[in-house]
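Presented below is the structure to which this report refers.
Number of protein chains: 4
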Amino acid sequence: MEREAGSRRSPAKRAAIVRAALELFLDEGYARVSMDAIAARAGVGKQTVYSHFGNKERLFLAVVGEARTAASATPADASPPGRTGDPRADLQAVGERLLRVVLSPAVAALHRLTVAELTHHPELQESWRETSSDALLAEVADHLTAADRAGTLRVPDPLLAARQFVLLMATEGRVRSLHGTRPLSDAERRGIARESADLIVRAHRT
Amino acid sequence: MEREAGSRRSPAKRAAIVRAALELFLDEGYARVSMDAIAARAGVGKQTVYSHFGNKERLFLAVVGEARTAASATPADASPPGRTGDPRADLQAVGERLLRVVLSPAVAALHRLTVAELTHHPELQESWRETSSDALLAEVADHLTAADRAGTLRVPDPLLAARQFVLLMATEGRVRSLHGTRPLSDAERRGIARESADLIVRAHRT
Amino acid sequence: MEREAGSRRSPAKRAAIVRAALELFLDEGYARVSMDAIAARAGVGKQTVYSHFGNKERLFLAVVGEARTAASATPADASPPGRTGDPRADLQAVGERLLRVVLSPAVAALHRLTVAELTHHPELQESWRETSSDALLAEVADHLTAADRAGTLRVPDPLLAARQFVLLMATEGRVRSLHGTRPLSDAERRGIARESADLIVRAHRT
Amino acid sequence: MEREAGSRRSPAKRAAIVRAALELFLDEGYARVSMDAIAARAGVGKQTVYSHFGNKERLFLAVVGEARTAASATPADASPPGRTGDPRADLQAVGERLLRVVLSPAVAALHRLTVAELTHHPELQESWRETSSDALLAEVADHLTAADRAGTLRVPDPLLAARQFVLLMATEGRVRSLHGTRPLSDAERRGIARESADLIVRAHRT
DNA sequence: TATGAATGAGACTTCATTCAT
DNA sequence: AATGAATGAAGTCTCATTCAT
Chain A
1 MEREAGSRRS PAKRAAIVRA ALELFLDEGY ARVSMDAIAA RAGVGKQTVY
51 SHFGNKERLF LAVVGEARTA ASATPADASP PGRTGDPRAD LQAVGERLLR
101 VVLSPAVAAL HRLTVAELTH HPELQESWRE TSSDALLAEV ADHLTAADRA
151 GTLRVPDPLL AARQFVLLMA TEGRVRSLHG TRPLSDAERR GIARESADLI
201 VRAHRT
Chain B
1 MEREAGSRRS PAKRAAIVRA ALELFLDEGY ARVSMDAIAA RAGVGKQTVY
51 SHFGNKERLF LAVVGEARTA ASATPADASP PGRTGDPRAD LQAVGERLLR
101 VVLSPAVAAL HRLTVAELTH HPELQESWRE TSSDALLAEV ADHLTAADRA
151 GTLRVPDPLL AARQFVLLMA TEGRVRSLHG TRPLSDAERR GIARESADLI
201 VRAHRT
Chain C
1 MEREAGSRRS PAKRAAIVRA ALELFLDEGY ARVSMDAIAA RAGVGKQTVY
51 SHFGNKERLF LAVVGEARTA ASATPADASP PGRTGDPRAD LQAVGERLLR
101 VVLSPAVAAL HRLTVAELTH HPELQESWRE TSSDALLAEV ADHLTAADRA
151 GTLRVPDPLL AARQFVLLMA TEGRVRSLHG TRPLSDAERR GIARESADLI
201 VRAHRT
Chain D
1 MEREAGSRRS PAKRAAIVRA ALELFLDEGY ARVSMDAIAA RAGVGKQTVY
51 SHFGNKERLF LAVVGEARTA ASATPADASP PGRTGDPRAD LQAVGERLLR
101 VVLSPAVAAL HRLTVAELTH HPELQESWRE TSSDALLAEV ADHLTAADRA
151 GTLRVPDPLL AARQFVLLMA TEGRVRSLHG TRPLSDAERR GIARESADLI
201 VRAHRT
């Protein structure tokens with residue numbers, strides 16, 4: 001029935017359900033996960049799941065929504081490395097951090113899941129954005145703006161350049177890691193970040 | 001039972017099954033498609049499906065495999081436009097063709113399906129390669145090599161540059177079209193191709 | 001737990017529950033109505049329903065019992081039309097009133113519900129009587145007795161005749177209205193009352 | 001999927017399902033019967049039930065439809081008693097036969113079930129007719145026509161009179177037997193038939 | 001007392017697969 | 001070889017009832 005706030009429904013159980021559902025959805029995909037399995041893993045009755053979320057689809061959307069939110073918040077936790085003044089090195093550093101996040105098992109699985117279910121749950125499309133992390137995108141743009149001001153690069157449209165950098169690097173990472181399925185070595189990650197940073201820097205050299 | 005070649009199994013029925021299965025898998029995803037539905041759409045009995053492919057997973061892998069092969073062969077459908085000598089214009093032209101292919105409903109759906117099922121069918125991973133079209137990649141590399149020889153660009157590693165171009169553009173197209181879920185206007189496609197071509201050309205300007 | 005009278009249980013809530021339950025049972029039938037739905041429509045908690053009535057069956061019997069009582073009391077709502085002295089006209093007039101009552105949505109639904117659940121709730125059988133309205137039956141008998149006294153008819157057993165009249169007319173009305181499911185026009189009702197009155201009058205003509 | 005004629009679906013299993021479903025529906029009512037129970041009693045798998053009838057409602061309608069047909073065909077099996085020439089006796093004899101049919105457990109339960117489910121299955125309404133047996137109605141009308149010709153009665157509208165006779169008698173029988181729930185003694189049945197026949201005969205006496 | 005969260009059983013329906021024709 | 005009827009397990013969701021607040 002899904003009542004309003006103020007109900008006595010246990011937030012702890014809700015959290016357990018969300019966690020269990022997320023793990024299962026990420027591992028198995030939407031259709032392969034049963035409500036029974038979610039309830040069992042969460043350690044609650046099936047009806048508890050239904051009274052919290054109404055049905056499987058709403059549970060799925062809630063879970064994915066919260067996971068997206070969490071994922072967007074996470075990457076900035078690593079302290080942003082200070083600027084060295086060398087745009088190429090700065091970009092590569094940011095890129096390596098981004099790759100670690102994007103290719104982490106959870107984030108990669110969330111990405112696969114979202115792509116997989118895009119056509120079946122139109123609500124997903126509204127929340128869809130390739131760069132799960134606008135914060136990181138802004139950080140890259142900042143670097144480029146700074147370089148432009150310092151005269152080391154000439155970047156007329158820093159946001160576009162940042163987007164191209166992030167998109168290219170993330171995609172290359174996904175392709176090489178079989179969409180996060182196979183772990184990447186540090187060297188591979190570094191290589192990918194270097195190649196992408198190189199392209200961007202060369203394109204905007206003065 | 002799956003007999004050897006030379007059996008009396010009808011190739012026409014096999015083709016009908018593959019076609020039906022592909023359509024359904026692309027539309028619904030692996031788990032949501034039933035063998036019943038496949039047999040019905042193919043106009044054959046269920047046992048025929050089983051005798052041809054053994055089980056659902058083998059059918060899926062066969063179908064996706066053939067679809068990938070077909071998709072890789074297709075893109076050259078449009079006669080490759082002659083070179084104009086202007087690298088930017090040439091790249092953009094190739095790019096627009098590529099986008100049309102990559103974002104076509106069938107190719108985009110095949111991509112989503114592959115990503116979705118990557119973890120459940122390890123065999124898929126072996127066939128995985130982002131650029132479904134090596135032919136096109138080679139064509140881009142050719143353009144770049146020609147430009148390098150002509151002295152209009154300086155491209156030390158044409159294959160890398162080509163790959164970056166294709167990857168960036170395809171990804172930008174996918175993001176903007178919600179992974180092929182929403183059609184892109186000609187103008188959008190042109191814009192994406194232009195931006196990507198621009199980046200590559202600027203990065204390799206002499 | 002069901003406490004005795006004098007408890008602190010609110011009669012207002014009890015009434016709300018009974019009203020809600022009656023509406024739902026009449027619309028859906030016993031098995032299709034959930035205690036959840038009753039509590040929700042009554043605007044009370046589920047446990048309140050249980051503490052008032054113990055379980056679903058007892059609630060049902062109480063509700064139907066009260067509804068039968070109410071229905072039996074109602075029919076005289078319209079002031080009984082004075083006698084005209086013409087037995088046929090009088091009978092027909094009474095009959096039309098009866099039909100309106102018997103085929104009213106609530107009374108018809110109560111009748112269907114009782115018939116439907118007769119075998120599952122033996123207590124219902126005790127309260128069963130076709131003529132939900134003894135008052136009306138007596139009124140018809142009165143008319144006939146009066147006619148007998150006046151010499152316009154010869155009615156040795158007025159109660160039997162009244163019963164036959166009421167039963168035949170009510171049944172004909174039920175059949176033609178699909179057991180109260182389809183509304184009857186005034187003309188139809190009048191026709192049914194006329195035919196039935198005619199039969200009775202002819203059978204007892206002097 | 002419910003295919004056309006010519007399929008290989010076993011008619012024996014279909015019949016077993018129909019029989020099992022009818023018994024259960026008559027005993028318990030629509031909502032209380034589970035498809036599991038039907039399959040189990042029929043001795044077939046649940047999917048067999050579904051492949052034959054598609055879903056619970058279609059099964060129900062098919063079962064009720066066939067039962068109605070069967071019930072309509074049955075009553076004439078008892079050899080229609082020859083006419084004695086005494087309309088009252090003839091009518092009473094036909095009436096007793098009718099009562100036996102109408103109050104037989106199966107027919108009475110079918111009637112209760114139909115009334116109970118009338119609002120939930122609109123298709124039922126189309127097949128609804130109080131007199132499950134048009135044959136019997138015709139037989140009564142024949143008696144009355146014959147009497148009219150013989151001059152023993154004056155029956156301007158034999159079909160109306162027959163209908164009134166049948167309706168009144170069946171209803172009285174239903175009321176007295178708690179809608180077929182309680183068996184009626186021979187004497188009761190005879191009494192009901194006599195009273196009804198009496199009414200009709202008196203109404204049409206010359 | 002009254003609330004509604006929680007439960008375990010069970011509802012209808014569909015699935016991948018096998019069997020009999 | 002090919003058909004589709006049949007199966008048993010499992011899917012989503014709802015139920016009457018109880019428990020903790």
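These protein sequences, in sequence, are chains A, B, C and D. Okay, so the first sequence: first residue is 1 according to full-length UniProt numbering, each after it adds one. Okay, so the second sequence: first residue is 1 according to full-length UniProt numbering, each after it adds one. Okay, so the third sequence: first residue is 1 according to full-length UniProt numbering, each after it adds one. Okay, so the fourth sequence: first residue is 1 according to full-length UniProt numbering, each after it adds one. We treat Cβ as the ideally placed atom computed from N, Cα and C, and that holds for glycine. These numbers come from a predicted model, not from an experiment.
Step through the CB atoms of chain C and report whether any lies within less than 7 Å of the CB of residue 208 of chain D. What the structure shows of chain D is the stretch from 1 to 206, and residue 208 of chain D is not part of that stretch, so it cannot be assessed.
Within chain D, the residues that C:T181 reaches when beta carbons sit closer than 8 Å: Against C:T181, the close residues of chain D are L118, T119, Q125, in the order they occur along the chain (beta-carbon pairs closer than 8 Å).
Starting from D:Q164, find everything on chain C with Cβ-Cβ shorter than 9 Å and list it in chain order. Simply L168, E172, E195, S196, L199.
Against C:V115, what residues of chain D qualify as contacts under a CB-to-CB distance less than 7 Å, listed in chain order? Those within 7 Å of C:V115 in chain D are R112, V115, A116, H179.
Integer-rounded CB distance, given that B:R189 should sit under 8 Å from B:R100: The beta-carbon distance between B:R100 and B:R189, rounded to whole angstroms, is 7 Å. This is short enough to meet the 8 Å contact definition.
Going by alpha carbons, who is nearest to C:T119 out of D:S10, D:P11, D:L26, D:A20? Out of D:S10, D:P11, D:L26, D:A20, the CA that lies nearest to the CA of C:T119 is found in D:L26.
Please identify the residue among C:P11, C:R58, C:V44 whose C-alpha is closest to the C-alpha of C:V121. Just to set this straight, residue 121 of chain C is His in the shown sequence, not Val. Distances from the alpha-carbon of C:H121 to those of C:P11, C:R58, C:V44 put C:R58 closest.
Range covered by the alpha helix (DSSP H) that runs through D:G29: Counting along the chain, no alpha helix (DSSP H) covers D:G29, and no H or E run does either.
Counted within 10 angstroms of its Cβ, other Cβ atoms place A:A197 as buried (16 or more) or exposed: It counts as buried.
Could you tell me whether any Cβ in chain D is nearer than 7 Å to the Cβ of C:A135? False, the Cβ-Cβ gap to chain D never drops below 7 Å.
In the segment 20 to 33 of chain D, which residues sit with their C-beta less than 9 Å from some C-beta in chain C, listed in chain order? Against chain C - using a Cβ distance shorter than 9 Å - the residues of the segment 20 to 33 of chain D are D27, E28, G29, Y30, A31, R32.
So, does the CB of A:A203 fall closer than 7 Å to a CB anywhere in chain B? By this cut-off, A:A203 is an interface position.
Closest by C-alpha distance to C:L136, when choosing among C:V94, C:K56, C:P105, C:S10: Of the candidates C:V94, C:K56, C:P105, C:S10, the one whose C-alpha sits nearest the C-alpha of C:L136 is C:V94.
Can you tell which of B:A31, B:Q92, B:V64 has its C-alpha closest to the C-alpha of B:G191? Taking only the C-alpha atoms, the option nearest B:G191 is B:Q92.
Reference C:L124; option with closest CA among C:S34, C:M35, C:A40, C:R68: Among C:S34, C:M35, C:A40, C:R68, the Cα nearest to that of C:L124 belongs to C:R68.
Flag this pair as yes or no: are the beta carbons of C:H179 and C:R97 separated by less than 7 Å? No, the Cβ-Cβ distance between C:H179 and C:R97 is not below 7 Å.
Taking 7 Å as the cut-off, decide whether the C-beta atoms of C:L144 and C:V155 are in contact. Between C:L144 and C:V155, the C-beta spacing is below 7 Å.
Interface positions of the segment 137 to 165 of chain C facing chain D (Cβ-Cβ less than 9 Å), listed along the chain: Against chain D - using a Cβ distance shorter than 9 Å - the residues of the segment 137 to 165 of chain C are L160, A161, R163, Q164.
Supposed close pair B:G173, B:L103 - CB separation, criterion 8 Å: The pair is a contact, with the Cβ atoms about 5 Å apart (cut-off 8 Å).
Could you say which of C:R205, C:L110, C:E126 lies nearest to C:T152 if we only look at CA atoms? For C:T152, the nearest C-alpha among the options comes from C:R205.
Give the secondary structure of C:R154 by DSSP, where H, G and I count as helix, E and B as strand, and everything else as coil. Coil, per DSSP.
Is it right to say B:A12 is buried, meaning 16 or more other beta carbons lie within 10 angstroms of its own, or is it exposed? Burial call: exposed.
Residue closest to A:D142, alpha-carbon to alpha-carbon, out of A:L160, A:S34, A:A71, A:L61: Per the Cα distances, A:L160.
Cβ neighbours of B:F53 in the same chain (closer than 7 Å, five flanking residues each side left out): Closer than 7 Å at Cβ, skipping near neighbours: L59, A62.
So, under 8 Å CB-CB, C:L199 and D:A203 are touching, yes? Tell me the CB distance rounded to an integer number of Å. The beta-carbon distance between C:L199 and D:A203, rounded to whole angstroms, is 5 Å. This is short enough to meet the 8 Å contact definition.
Helix, strand or coil: which one does DSSP assign to A:R9? Looking at A:R9 - three-state DSSP - the assignment turns out to be coil, as it is neither helix nor strand.
Which residue marks the beginning of the alpha helix (DSSP H) containing A:T114, and which one marks its end? Note, A:T114: alpha helix (DSSP H), 105 to 117.
What does the alpha-carbon distance come out to for the pair B:Q164 and A:Q164? Distance from the CA of B:Q164 to the CA of A:Q164, rounded to the nearest whole angstrom, comes to 10 Å.
Looking at the structure shown, is C:E4 part of a helix, part of a strand, or coil, going by DSSP? Below a pLDDT of 50, predicted positions are generally treated as unreliable, and C:E4, at 46, falls in that range; no measurement from the model is reported.
B:A116 and A:A116 closer than 7 Å at C-beta: Their beta carbons are under 7 Å apart, which means B:A116 touches A:A116 by this criterion.
Sorted by chain position, which residues of the same chain lie with C-beta nearer than 7 Å to D:A21's C-beta, five sequence neighbours on each side aside? The beta carbon of D:A21 is closer than 7 Å to those of I38, L59, V63 in its chain, skipping five residues each way along the sequence.
Check whether the Cβ atoms of D:V175 and D:R88 sit closer than 7 Å, and answer yes or no. For D:V175 and D:R88, no; Cβs fall outside 7 Å.
Tell me which residue opens and which closes the alpha helix (DSSP H) that A:D36 is part of. Counted as a single uninterrupted DSSP element, the alpha helix (DSSP H) harbouring A:D36 occupies residues 35 to 42.
Please report the residue range of the alpha helix (DSSP H) in which A:L59 lies. Membership of A:L59 in the alpha helix (DSSP H) is indicated by the continuous run 56 to 73.
Cβ neighbour criterion (16 or more within 10 Å) applied to D:S177: Classification for D:S177: buried.
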